[in-house]
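Asker:
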Amino acid sequence: MVLSYGGYSTVVLIENQLNVLVKNKKNSTTSTASKSEQYGSHLSNLQKIQQKKQAVFAFPYNKKLLKLAVYSKCQGDNCDCMGWKRTDNSQISPTFTDPCRCEHHLETHILHLKDKPEQELNRLLGMVVDVDNMYVAINREENPETKKVYLYLFKLLRKCVLTLDTPIVEGPLGQPPFEKPLYS
Ligand SMILES: [Zn+2]
Ligand SMILES: [Zn+2]
Numbered sequence: 001m002v003l004s005y006g007g008y009s010t011v012v013l014i015e016n017q018l019n020v021l022v023k024n025k026k027n028s029t030t031s032t033a034s035k036s037e038q039y040g041s042h043l044s045n046l047q048k049i050q051q052k053k054q055a056v057f058a059f060p061y062n063k064k065l066l067k068l069a070v071y072s073k074c075q076g077d078n079c080d081c082m083g084w085k086r087t088d089n090s091q092i093s094p095t096f097t098d099p100c101r102c103e104h105h106l107e108t109h110i111l112h113l114k115d116k117p118e119q120e121l122n123r124l125l126g127m128v129v130d131v132d133n134m135y136v137a138i139n140r141e142e143n144p145e146t147k148k149v150y151l152y153l154f155k156l157l158r159k160c161v162l163t164l165d166t167p168i169v170e171g172p173l174g175q176p177p178f179e180k181p182l183y184s
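First residue of the sequence shown? That's 1 in the UniProt record's numbering, and the numbers climb one at a time after it.
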């Protein structure tokens, strides 16, 4: 199965799928929320994610680079640092010359992005927002199987931000244990 990464959020598509799976599983158990309530909260979640993305897309170009540095691999020689992390506890906004725990500057983490068109930065930032949402979803999810799927997607999206790839979801979602047919 391949999910295209157009304007629509991969996470939303996946959440839709998970909702169906979870619902199927919980068929016999009692559910307190009515269908319209579920639809309402899902819709507002959708809107929240879209609003968050629009806010990030409206950042100035440099602020986008600063945000992406946290999720981008250091371009320093032989450095395998996977994202800029501040070295102190200060709350002030980072600058390009701020040091990382890997001892390279923040700028070293976005050297490969500096010549990219803004559209590409927005695509990456869209995934970053999804990564953040996935992180929250992992921590709040209690069903261990759903958690596993979230974790898989979290890692996939995280990797795609690092490699500048487009996420392709394959295997786990389209196969059992989720949709094992009753007949064989
Ligand atoms: Zn480094
Ligand atoms: Zn670093």
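Even for Gly, the Cβ is constructed at its ideal location relative to N, Cα and C.
The structure displayed is predicted, hence computed values, not measured ones.
#1: Where does Lys53 land, buried or exposed, given buried means 16+ other C-beta within 10 angstroms?
#2: Does the distance from the CB of Leu113 to the CB of Thr95 come in under 9 Å?
#3: Given a threshold of 16 other Cβ atoms within 10 Å of its Cβ, counted over all protein chains shown, does Tyr40 qualify as buried or as exposed?
#4: Report the option in Val161, Ala58, Pro167 and Ile168 whose CA atom is closest to the CA atom of Cys74.
#5: Can you find the residues in the same chain that come closer than 8 Å, C-beta to C-beta, to Lys147, ignoring five residues on each side of it along the sequence?
#6: Is the beta carbon of Thr108 within less than 8 Å of some heavy atom of ligand 1?
#7: My output table needs one value for Arg158: the three-state DSSP class, helix, strand or coil.
#8: Which residues share a DSSP beta bridge with His105?
#9: Based on Cα-Cα distance, which residue from Asp88, Tyr61, Thr163 and Leu124 lies nearest to Cys102?
#10: Could you name the residues whose beta carbon sits closer than 5 Å to any heavy atom belonging to ligand 2, keeping them in chain order?
#11: Check for me: the alpha helix (DSSP H) holding Lys82 runs from which residue to which?
#12: With a Cβ-Cβ cutoff of 9 Å, do Arg158 and Tyr71 count as a contact?
Answerer: From the atom records:
#1: Along the sequence shown, read from residue 1 onward, the residue named residue 53 stands at position 53. By the neighbour-count rule (16 or more Cβ atoms within 10 Å), Lys53 is buried.
#2: Indexing the sequence shown from 1 puts residue 113 at position 113. Indexing the sequence shown from 1 puts residue 95 at position 95. No, Cβ-Cβ distance for Leu113 and Thr95 is not below 9 Å.
#3: Walking along the sequence shown from the start, residue 40 turns up at place 40. In the sequence as presented, Tyr is not what sits at residue 40; that position holds Gly. Classification for Gly40: exposed.
#4: Here residue 74 refers to the residue found at position 74 when the sequence shown is read from its first residue. Comparing Cα positions, the closest option is Val161.
#5: Working through the sequence shown from its first residue, we reach residue 147 at position 147. Apart from sequence neighbours up to five positions away, the residues of its chain that approach Lys147 with a beta-carbon distance below 8 Å are Ile138 and Glu141, ordered along the chain.
#6: Sequence index remark: in the sequence shown, residue 108 carries index 108 (1-based). Yes, since a heavy atom of ligand 1 falls inside the 8 Å radius drawn around the Cβ of Thr108.
#7: Your numbering for residue 158 matches position 158 in the sequence shown. Looking at Arg158 - three-state DSSP - the assignment turns out to be helix.
#8: For the purposes of this step, residue 105 is taken as residue 105 along the sequence shown, with counting starting at 1. Looking at the DSSP output, His105 bridges to Pro99.
#9: Numbered from 1 along the sequence shown, position 102 holds the residue referred to as residue 102. That would be Asp88, whose Cα lies nearest to the Cα of Cys102.
#10: Neighbourhood of ligand 2, defined by CB distance below 5 Å to any of its heavy atoms: Cys74, Cys81, Cys100 and Cys102, in chain order.
#11: Mapped onto the sequence shown, residue 82 falls at position 82. In the sequence under discussion, the amino acid at residue 82 is Met, which differs from the Lys named in the question. Under the DSSP assignment, Met82 falls outside any alpha helix (DSSP H); it carries neither an H nor an E label.
#12: What you label residue 158 is simply residue 158 of the sequence shown in a count that begins at 1. What you label residue 71 is simply residue 71 of the sequence shown in a count that begins at 1. Taking the C-beta atoms as reference points, Tyr71 is found nearer than 9 Å to Arg158.
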